[in-house]
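Chains as they are written, first to last, in my numbering: chain A, 123 to 466; chain B, 123 to 466.
From the three backbone atoms N, C-alpha and C, an ideal C-beta is built for every residue, glycine too.
As the structure is a computational prediction, the values presented were derived from the model and not from experiment.
Take a look at the structure below.
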DNA sequence: CTGTTAGCGCCTTCAG
DNA sequence: CTGAAGGCGCTAACAG
C-alpha cells in the first residue's frame, strides 16, 4: 500500500493531481475549495496515501535532512549531542543522518561526500580533526556547514562549542586551589580542537601561578580508556620517583583508565593523588571515588548546533552566529588537598 | 558547485547523459569504451561532479536508507546498537535514519509514518511497546520491518533479540547460589518485551527453588534512574521491616538509583543487600561497588538486526531468520552471600 | 558501444 | 478555484 500516489487519488476523485497536491499541503489548502479539500483528505486517508518525500525532495531541492558527522557512536559522550540535534530538527519534521568516521581523519572526507550526495540541507560536523578544515570549508561554500564539539581554530565556519579552554583552566584552578604543586595532564589527541583547548587552558592557569606542568612525551591517539591506561603507565615509568599529586585527564574515559592503573600500583585516590575528568558522563558520579569532572552540556551543544544549521538553511547569506557554552565543574571525591609531605 | 549534473558532463564531452551515467556506474562501466570511461571520469572529477542520490533513489525506487526507531537516544544503552546497525550498513553505502519516540507508544506510529514517507528500504524498530505490534506488522506488509532489542511476543515479524528471559534467570540463579532467600525485583515497564522477559525468567528460576519473590505493587514507567530510586523507596516503605537481601534491577540505571537510595537509608552493599543490574553499561565496572550485571551485547544485536534488514531487502519473500543472543553475567562486588541472620 | 525516449512522484508556473 | 504542462536528475529499456 505504499505505492498510492497523488495521481491515484486524483483519478479516484476525477480531479487533477495538482489539486490533490494543493489540498494536502496545509500552506496551499486555502487555494482549494473547502469541499474539495475534504473530499481529497477523505480519499487520501481511505487509500492510505503517504506522500513521497523523496520525490518531493527532488522537486523542491530540499531533503529535510541534516548530515551529522561524528567520530565514534560508541563513545557515550556523543549520544546527548545527537539527541540535542534531533530535538532541534524534530519540530520541522527534519531528520539527522548520522555517519561515523571511526575518528579517522581521512574517512571524514568520504563521509562528507556521501552526505552531500544525499543532498542533506546542511552538515553538522562533530568529529573534525584539524586536517579536515579545508575540506569542510570547501563544502561550506555550497552547503551550510556547522562545526560543533570539536573546534577548528581560524576557520570561517560557524562553530558551536563548549569552552574547553575555560574548562581546562577551571580544572587547573580547582587543583591549584587545593595547594597542589605537582600537576600532570593526560592529554587527548593534539589535532582535535577540544583537547588542544583543554590543554591550553590548563597550562595557562598553571603558568599564572608560575607552576610548570609535568610533561608527558605522548598524547592519547584516541580519547578512550586504553589511552588513559597507557598514559598513566607512562607517567609512572617516567616520573615514578616524583609522581604528580594531581592529574587532569582530558576526558572521563581516560580518567577511569588512569584510575585503575594507579590503583594497581597501590596508589589511592584522593589520598595519594587527585584526578579531574571531563564530560561528567552519566554514571561518573557513582564510580569509586566519585569523579570530579568538568560538565559538558552535550544536549545543549547539540540543540544549538541544530538551530544554527536551521538558520543557515533559511538564510545562507547571513553570517551565522556560533555559540560557546561555558563550563561548570562537578566537584566530587576524587580531588582533595595533597597529602602533606612530612619534612623529617 | 554542488549542482553539476550528468548533463553538464555530457555536453562538455559531446556525449549523451546516459553514457555518462553508465561510465560512472562501476557495474555498467564495462558497457562503455575504456576511452570514454576515462574521459568521463576525468571530466567528472574536474567539474566536481557528485551524483544525486535523491534523484537516483526516485528513479530506482530504493533510497539506501534504513529507518531506525529508538525509544530514547539519551539512554546510553542504545548507542552501541545504533553503532552496530551503522556498521552493518556501511559496506553497502547505506545509512541509518534514526528517529526517537521519547519512549512514548503513540509517537511510534508517527515516527514510523515519517520514515516510510522517506521511503526507507527497511525499518528496524528497537523501541517497541506491546501496543505497537499491529502498526508495525501492518507496515511490514509493504516494507521490511525488523523488531530488535524489545521483543513482540507472537509477532510474525523477524526479531533480533537478546535472551532476556535467560538473563533474568541467570541473575536469579546467581543470587540463589549465594543462598539468598528474600529476593525482590525492580521492574521496568510491563509493556516492553525485554523487561517482561527478564521478569519471567527471574520468577521462573525462583519458582524452581520454591521461593516466592517479594512483590512490589509498581513497575518503573520508564527504565531510568529515577524509577530505580522510586521503587527502592517503595521497597523500604512497604517491606522495611523485612527487607530483601537481594535485588534484581531490570537495568543498570535503575540499579544505580536504587543503590543511592539504599545508601541514604544506611544500608551497605553487599553487606546488607546484593544487587544485580542489566546491560553491563560502559563504566558500571567502576562504580562503588562494582556492579554485577548481565551483559547486553548491543553491538552484536545491532549488527545482526542490520544484516537481517539487508537480507529482507534483497529478498522480501524469503522468511527472515531472526536471532537470539545468549546472556552472560559479569560478576562483580555488588553481590555476595547474605549476612548471617544471627539467631539469638 | 552509444543515443533516444520515457518516466520515477511531486510541485510550481501559467492559463483559464 | 482548477487544469495542463513541464521538469527536478537520474537510469532503464529499446534502438541503432
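Query: Closest Cβ-Cβ distance between residue 433(A) and chain B: below 7 Å?; Result: no
Query: List, in chain order, every chain A residue whose beta-carbon is nearer than 9 Å to that of residue 235(B).; Result: 172
Query: Which runs of the beta strand (DSSP E) spanning at least 3 residues fall entirely within the region 156–210 of chain B, listed in chain order?; Result: 187–192
Query: Have a look at 352(A), 358(A) and 262(A) and flag the residue whose alpha-carbon is nearest the alpha-carbon of residue 367(A).; Result: 358(A)
Query: Indicate whether at least one CB of chain A lies closer than 7 Å to the CB of residue 539(B).; Result: The structure shown does not extend to residue 539(B), since chain B spans only 123 to 466, so no value can be given for it.
Query: Going by the CB atoms, is the gap between residue 372(B) and residue 317(B) shorter than 7 Å?; Result: yes
Query: Report the option in 135(A), 272(A), 236(A) and 347(A) whose CA atom is closest to the CA atom of residue 427(A).; Result: 272(A)
Query: State yes or no: is the beta carbon of residue 176(B) nearer than 7 Å to at least one beta carbon in chain A?; Result: yes
Query: Restricting to runs no shorter than 4 residues, where is the alpha helix (DSSP H) found entirely within the region 216–297 of chain B?; Result: 227–239 and 255–262
Query: Is the region 129–144 of chain B touching the region 386–394 of chain A, taking contact as three or more C-beta pairs under 8 Å?; Result: no
Query: Do you know offhand how far residue 429(B)'s Cα is from residue 435(B)'s?; Result: 10 Å
Query: From 390(A), 433(A), 420(A) and 176(A), pick the residue whose C-alpha is nearest to that of residue 460(A); which is it?; Result: 390(A)
Query: Identify every residue that forms a DSSP beta bridge with residue 446(B).; Result: 283(B)
Query: Could you tell me the alpha carbon to alpha carbon distance between residue 302(B) and residue 280(B), rounded to whole angstroms?; Result: 38 Å
Query: Would you verify that the beta carbon of residue 307(A) is, or is not, closer than 7 Å to some beta carbon of chain B?; Result: no
Query: Quick check on residue 384(A): does DSSP put it in helix, strand or coil?; Result: helix
Query: Once DSSP output is grouped into helix, strand and coil, what is the label at residue 317(B)?; Result: helix
Query: Using a cut-off of 8 Å between C-beta atoms, extract the partners of residue 425(B) located in chain A.; Result: The contacting residues do not exist; residue 425(B) stays about 12 Å from chain A at best.
Query: Near residue 195(A), what residues of its chain come up, given a Cβ to Cβ distance below 6 Å and the 5 sequence neighbours on each side ignored?; Result: 222
Query: Check whether the Cβ atoms of residue 131(A) and residue 171(A) sit closer than 7 Å, and answer yes or no.; Result: yes
Query: Do you know how far the Cα of residue 370(B) is from the Cα of residue 129(A)?; Result: 57 Å
Query: Would residue 207(A) and residue 198(A) be called neighbours here (beta carbons separated by less than 7 Å)?; Result: no
Query: Express the C-alpha separation of residue 230(B) and residue 300(A) in angstroms, rounding to a whole number.; Result: 51 Å
Query: Identify every run of the beta strand (DSSP E) within the region 295–364 of chain B, keeping only runs that are complete inside it and at least 3 residues long; order them along the chain.; Result: 305–308
Query: Name the residue from 306(B), 354(B), 319(B) and 310(B) whose alpha carbon lies nearest to the alpha carbon of residue 337(B).; Result: 306(B)
Query: Are the beta-carbon atoms belonging to residue 446(A) and residue 283(A) less than 7 Å from one another?; Result: yes
Query: Chain B partners of residue 215(A), CB-CB under 9 Å?; Result: 236
Query: With a cut-off of 8 Å, do at least 3 Cβ pairs link the region 249–259 of chain B to the region 283–295 of chain B?; Result: no
Query: Using a Cβ-Cβ cutoff of less than 8 Å, which residues in the same chain neighbour residue 412(A) once the five nearest sequence positions on both sides are dropped?; Result: 406, 454, 455 and 456
Query: Taking contact to mean 3 or more Cβ pairs, one atom from each stretch, closer than 8 Å, check whether the region 309–328 of chain B and the region 241–254 of chain B are in contact.; Result: yes
Query: Identify, in the order they occur along the chain, each residue of the same chain with its Cβ nearer than 6 Å to the Cβ of residue 290(B), setting aside the five sequence neighbours on each side.; Result: 320, 323 and 324
Query: Whole angstroms is fine: what's the gap from residue 220(A)'s alpha carbon to residue 421(A)'s?; Result: 16 Å
Query: What is the DSSP secondary structure of residue 143(A), reduced to helix, strand or coil?; Result: helix
Query: Report the CB separation of residue 184(B) from residue 243(B) in whole angstroms; it is logged as a contact under 8 Å.; Result: 5 Å
Query: Listed from N- to C-terminal order along the chain, which residues in the region 407–418 of chain B have their beta-carbon within a distance smaller than 7 Å of any beta-carbon of chain A?; Result: 408, 409 and 410
Query: Whose Cβ in chain B lies nearer than 7 Å to the Cβ of residue 205(A)?; Result: 195 and 196
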